[in-house]
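If you read the sequence shown in UniProt numbering, its first letter stands for residue 1, the second for the next number, and so on.
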Amino acid sequence: MAKVGKLTKLKSAIKKWPSFSAAKQTHHHHDEQQHDESAAAAAESDEPQQILHSVYVGNSRRRYLLTTEVMCHPMFQELMQRSGGVDGDGQIIVRSEVVLFEHLLWMINEQVNGGGDKDSSSSSQFGSMEELVDFYCC
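Next up, the structure:
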C-alpha cells in the first residue's frame, strides 16, 4: 500500500516538472556503434573532451554515458549507495526503472547547467534527497 502512495506522489511531482526532452538531449543511451562514431568525431574536434562513464540501468541494462559532474552529484551518489554497484566485469550498475532514471538525469542536468545549489534546490522543492532517491530505486 505504501508503494501506491509513493507512486501517486511521484506522479503528481512529475506533472509539475517540464518534459524529459532536456535529459534526452544530454544523457541518452548509446549502442556500441553510436559510441564509437561519437568518440571518433570528438577526437577530430578542437574542443576539450569530456570524460564519459558508462552506467548500466535497470533490468534491461540500458547503457548511459554520464559526465563526471553528473556521477559526482549528491543525488546520483545517494542512488548509487542504495541501488547501485559494480558487477564482476567492473561495470557500474544502477537498479532503477529506465524512465525514472532519465528523469533523475534531467533533474541533475538542470541543477548542473542551471547553476542551482546541488545540495538543496530539488530537495527543498520536492522533499528530502532520501525521499527522492527512494522513488528512483527499484
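Every residue gets a Cβ at the ideal spot worked out from N, C-alpha and C, and that includes glycine.
Exposed unless 16 or more other CB atoms sit within 10 angstroms - verdict on residue i
i, result
"residue 205", "Outside the shown range of the chain, which is 1 to 138, sits residue 205, and nothing can be said about it."
"V55", "buried"
"H103", "buried"
"S96", "buried"
"V99", "exposed"
8 angstroms Cβ shell around residue i - same chain, five flanking residues per side excluded
i, result
"H73", "I108, Q111, V112, K118"
"G88", "none"
"S60", "V98"
"L52", "L65, L66, T67"
Cβ-based neighbour list, residue i, same chain, cut-off 7 angstroms, excluding 5 preceding and 5 following
i, result
"W83", "Note that residue 83 is Ser in the sequence shown, not Trp. Correct list, in chain order: V94, R95, S96, C137, C138."
"F76", "V70, I108"
Contact belief for residue i with residue j at Cβ below 8 angstroms, rounded distance in angstroms
i, j, result
"V57", "F101", "5 angstroms"
"Q91", "T67", "Their Cβ separation, rounded to whole angstroms, is 18 angstroms, which puts Q91 and T67 out of contact at 8 angstroms."
Segments of 3+ residues assigned as beta strand (DSSP E) that fall wholly inside the segment 84 to 116:
Counting whole runs of 3 or more residues, the segment 84 to 116 contains the beta strand (DSSP E) stretches 84 to 86, 92 to 94.
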